[in-house]
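Below you'll find the structure, written out as structure tokens, and then a few comments.
Numbering (the working numbering), first residue to last: 17 to 480.
So, in structure tokens, the structure goes:
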């Protein structure tokens with residue numbers, strides 16, 4: 017600007033003083049200044065266009081309660097098409113590593129249903145990804161409609177807001193209340209759905225519409241077999257893969273137990289699952305209400321998935337089911353809402369299949385923090401037991417307990433398995449590499465079918 021004014025000064029003098037001459041030097045200087053100004057204005061407009069575009073990108077920090085601040089110009093159909101576009105895409109072909117959020121070779125993760133800090137399974141999934149323990153996963157978005165909405169002032173709400181603020185400040189994660197407000201994916205997108213089981217059918221459809229290439233669905237997937245089958249059909253129709261969070265399918269103690277049992281002719285395996293709830297009506301009543309789908313669709317669903325995956329268990333192939341009445345217990349308790357809930361606080365049963373296999377499951381809500389599996393011989397003598405965690409993992413568990421002293425204890429005993437499943441799903445989403453050992457929604461459908469079959473049958477046996 018100053019250069020331009022300087023070059024105009026001789027012209028002004030010429031207008032008032034005809035004797036003043038305009039030198040060639042001044043003319044050249046004038047044209048040079050004009051060209052310089054044009055270049056500067058061009059640069060300014062270019063930078064303005066970038067700034068304007070960035071204004072429509074999701075901001076790192078959002079007001080609460082909130083929706084994501086994103087452009088709504090892309091249709092749901094375009095998002096679904098965009099997800100399919102990644103099918104034959106290598107990490108090198110997608111957004112450069114300098115971009116914010118997921119980098120080349122990472123899946124863009126959307127956590128749907130975080131839950132309360134130190135209590136929600138979704139929260140612990142978030143912690144593991146934010147700490148970088150799943151290298152193929154970048155947690156870019158957290159959708160939490162309850163604690164960022166109606167529950168923001170209730171129990172757990174202020175704690176969630178504080179954690180969300182700290183997470184946004186530290187990691188740049190974007191929080192929102194609706195999947196529908198997500199922008200189009202910048203990298204292959206995977207949704208980790210860890211909300212209320214009753215909401216999952218709706219959330220799965222929303223995640224497909226939001227451009228997800230793959231969906232990681234927490235157990236049991238849906239309240240009923242019919243709903244889960246419908247979800248399976250919706251995903252298949254959209255060409256979207258759904259993998260399940262049955263982490264015990266990849267557990268060390270399961271693998272070791274199965275390997276040992278295969279060396280003993282006529283051996284019998286029992287899978288034992290424990291939680292560390294207090295054995296009081298108040299503690300168990302809260303547990304029964306929060307996990308209203310029931311123990312077999314909740315805590316013990318992992319063991320049922322093992323039976324479906326490795327022991328040929330299906331409703332059509334079950335020959336007999338026998339409850340261990342001495343071990344088992346069923347109660348009707350009042351939850352925090354004042355409503356009554358009937359469920360097992362502990363259950364043990366043995367299944368025999370029509371194809372000649374036999375396997376047992378035991379689950380105890382108040383049994384402690386460790387799970388394990390045993391192998392007995394043909395005389396009923398125990399010849400093998402492998403714990404989760406084993407001695408190698410106990411040090412890690414102690415470190416995690418010290419780091420998160422008020423978190424649910426079972427998070428830590430299964431910590432490495434949660435990491436394994438997420439990493440395999442995220443890597444599969446980006447590269448197409450098989451997610452080894454991770455259960456599909458087809459396995460989940462049969463697992464839930466078995467749970468629905470067993471629950472009334474075992475309840476009836478315990479009444480006798």
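We treat Cβ as the ideally placed atom computed from N, Cα and C, and that holds for glycine.
Cutoff 8 angstroms; reference residue 150; Cβ partners in own chain excluding five residues on either side: 144, 435, 438, 439 and 442
Where residue 197 sits in the DSSP three-state scheme: helix
Touching by the beta-carbon criterion (3+ pairs, under 8 angstroms), the stretch 221 to 236 and the stretch 448 to 466: yes
Stretch-stretch touch, CB-based, cutoff 8 angstroms, three pairs: the stretch 188 to 202 with the stretch 119 to 129: yes
Within 8 angstroms, strictly: CB atoms of residue 305 and residue 353: yes
Nearest candidate by alpha-carbon position, reference residue 332, set 211, 450, 400 and 467: 467
Residue 424, DSSP secondary structure in three states: coil
DSSP bridge partner residues for residue 387 (one or two, in chain order): 404
Per DSSP, the bridge partner or partners of residue 230: 206 and 257
Alpha-carbon spacing of residue 89 relative to residue 193, whole angstroms: At residue 89 the pLDDT is 31, less than 50, meaning the model places this residue with poor confidence and gives no usable figure here.
Test item: CB-CB of residue 403 and residue 386 under 8 angstroms: yes
Nonlocal neighbours in the same chain, by C-beta distance under 6 angstroms from residue 350, ignoring five residues either side: 301 and 356
Cβ shell of residue 473 (< 7 angstroms), same chain only, five flanking positions each side left out: 337
Boundaries of the beta strand (DSSP E) in which residue 457 is found, first to last residue: Unbroken run through residue 457 is the alpha helix (DSSP H), 457 to 479; no beta strand (DSSP E).
Whole alpha helix (DSSP H) elements within the stretch 133 to 174, 4-residue minimum: 137 to 146
Collapsed DSSP secondary structure at residue 399 in the structure displayed: strand
Residue range of the unbroken alpha helix (DSSP H) whose run includes residue 272: 268 to 277
Which of helix, strand or coil DSSP assigns to residue 362: strand
Buried versus exposed call for residue 319 [16 or more other C-beta atoms within 10 Å across all chains shown]: buried
C-alpha gap between residue 226 and residue 392, whole angstroms: 49 angstroms
Chain-order list of residues whose beta-carbon lies under 7 angstroms from that of residue 310 (same chain, five-residue window excluded): 359 and 471
Sequence-distant residues of its chain with Cβ nearer than 6 angstroms to residue 444 (five each side left out): 451
Supposed close pair residue 369, residue 335 - CB separation, criterion 8 angstroms: 6 angstroms
Reduced DSSP secondary structure (H/G/I, E/B, other) of residue 176: helix
Beta-carbon gap between residue 247 and residue 237 smaller than 8 angstroms: yes
Proximity to residue 159 [Cα-Cα], best of 169, 148, 174 and 139: 139
Three-state secondary structure (DSSP) of residue 326: helix
DSSP state of residue 249 mapped onto helix, strand, coil: helix
Residue 221 - DSSP class collapsed to helix/strand/coil: helix
Neighbourhood of residue 155 by C-beta distance below 8 angstroms, restricted to the same chain and skipping five residues each side: 125, 127, 142, 145, 146, 187 and 189
For residue 60, three-class secondary structure by DSSP: Low confidence applies here, because residue 60 scores a pLDDT of 43, under 50, leaving its location unreliable and the question unanswered by this model.
Buried versus exposed call for residue 295 [16 or more other C-beta atoms within 10 Å across all chains shown]: exposed
Exposure of residue 431, with buried meaning 16 or more beta-carbon neighbours within 10 Å: buried
Beta-carbon gap between residue 375 and residue 364 smaller than 8 angstroms: no
Residue 442 - containing alpha helix (DSSP H), residue span: 431 to 447
CA-to-CA distance, residue 325 to residue 240, given in whole angstroms: 19 angstroms
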